[in-house]
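Protein chains in written order, with my numbering: chain A, 1 to 259; chain B, 260 to 351.
One structure is given here, and the rest of the page talks about it.
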Amino acid sequence: MGLMRRFSNIFKAKASKTLDKYEDPRETLDYSYERTLEMLQKMRRAVADVATSRKRIELQAQQLQRSAAKLEDQAKQAVSQNREDLAREALTRRQAIATQLTDLQAQHDQLKAEEARMVEGSQRLQAKVDAFRIRKETMKANYTAAEAQTRVNEAISGIGEEMGDVGLAMQRAEDKVAQMQARSGALDELMASGALDDASMSTDRLQAELDRGFAEPAVEAELARLRGELTGGSTTAKQLGAPAEDAAPASAPAEEERR
Amino acid sequence: MIVRISGEGQFDLPEDHVDELNRLDDDLTKAVDAGDEARFTTALEALLASVRTAGQELPADWIGPSDLVLPSPDATIHEVREVLGDEGLIPG
């Protein structure tokens, strides 16, 4: 037997088992309806879970993008200071982040597709629940045992099949969410450990070296200005482009000289 | 003939389309038996495309059982095997 038929048979056998409860088809109709409502609730919770998971990935991606932008800036600063070693380090870290971002994007797309499918699924289920509610009341009102065998069974197995399908979709979504949560958790740990350079840690070594690279010429410039003032000559500090706000207190150049 | 695509909905197909489905199902079965994921995806896509093209999608509020239920478009061999469960791949 082909896969298609085997899959169909098992799927339908499993679906019908969930609703095979009562002797009286009218009771089964009510029971099926209750179960369908429960399923709809579960489905909505599952959609919310997927959305939460997706948002978490979006936040992580934003954080990584900030880190990447910061490293790009640092690489530029390093190049302007002729510190190729620092530039290389910044770009290497940025590369690692880019890889993580690509992974996250793929996960995000998957979750988004899953979410869209589940929203569609719950809309389909909602439409069926509404139709089923009306139909079961009509069937109960006009109930005859002979008719019940076919019409009621058809409605019940139809709704059972829908529930089986929705159940399968939810299980898939739950599995995916669980996988993503595990990966998100691992990524959070990686970021927290600094292995990926969390941009919020502004005191990292790379930045410290770059700051020193900028501070030293500024200090030299200040020194030159002070010397100029003392010897009564004209100041050349502005030509050296020293940023005024970084100017060290008067004792700093002296300290710098002692080193 | 009513065919359900898992996660997608139900389609009404002309009875004479079943030969075409059986032919496409052969490819799918071989792919699963071989455990060939790429071939499985291609075969499944072909089977589902054939259902969508030849069939008419039934409205969401239509209630009734299907003659055939097919896996969802992004199903993997692993997932299909899970549904098949104890039945295994080679029916005893």
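Glycine included, each C-beta is placed from N, C-alpha and C at the ideal position.
As the structure is a computational prediction, the values presented were derived from the model and not from experiment.
Excluding sequence positions up to five away, which residues of its chain have a Cβ less than 8 Å from the Cβ of residue 105 of chain A?
61
At what residue ranges does the region 17-94 of chain A contain a whole run of the alpha helix (DSSP H), taking only runs of 4 or more?
25-80
Identify every residue that forms a DSSP beta bridge with residue 263 of chain B.
B:269 and B:328
Starting from residue 288 of chain B and walking both ways along the alpha helix (DSSP H), at which residues does that stretch end?
277-293
To which residues of the same chain is residue 118 of chain A closer than 8 Å at the C-beta, ignoring the five residues directly before and after it?
43, 46, 47, 50, 169, 170 and 173
Please confirm whether residue 262 of chain B and residue 310 of chain B have their CB atoms less than 7 Å apart.
yes
Distance check for residue 289 of chain B and residue 13 of chain A, CA to CA, integer angstroms please.
24 Å
Residues from the region 268-292 of chain B in contact with chain A, defined by Cβ distance under 8 Å:
268, 280, 281, 284, 285, 287, 288 and 291
When A:2, A:230, A:186 and A:218 are compared against residue 100 of chain A, the one with the closest alpha-carbon:
A:186
Within the 7 Å Cβ cut-off, does residue 132 of chain A reach chain B?
yes
From this set, B:302, B:319 and B:330, which residue's C-alpha is nearest residue 121 of chain A's C-alpha?
B:319
Counting C-beta neighbours from all protein chains within 10 Å, is the total for residue 344 of chain B 16 or more, i.e. buried, or is it exposed?
exposed
Take the Cβ of residue 97 of chain A as the centre, count every other Cβ of all protein chains shown within 10 Å, and call the residue buried at 16 or more, exposed below.
buried
Assess contact between the region 148-156 of chain A and the region 23-30 of chain A, defined as three or more Cβ pairs (one per stretch) separated by less than 8 Å. Is contact present?
yes
Alpha helix (DSSP H) containing residue 160 of chain A: first to last residue?
153-192
Let me confirm a value: residue 32 of chain A is counted as buried when at least 16 other C-beta atoms fall within 10 Å, else exposed. Which label applies?
buried
Residues of the region 307-326 of chain B in Cβ contact with chain A at a cutoff of 7 Å, in chain order, please.
319, 320, 322, 323, 324 and 325
At 8 Å on the CB atoms, spell out the chain C contacts of residue 263 of chain B, in chain order.
Absent from the structure is chain C; the protein chains it does hold are A and B.
When you compare only the Cα positions, how much space is there between residue 306 of chain B and residue 144 of chain A?
41 Å
Is residue 2 of chain A closer than 7 Å to residue 333 of chain B when the C-beta atoms are compared?
no
Which residues share a DSSP beta bridge with residue 315 of chain B?
B:271
Less than 7 Å between the C-beta atoms of residue 131 of chain A and residue 322 of chain B, yes or no?
yes
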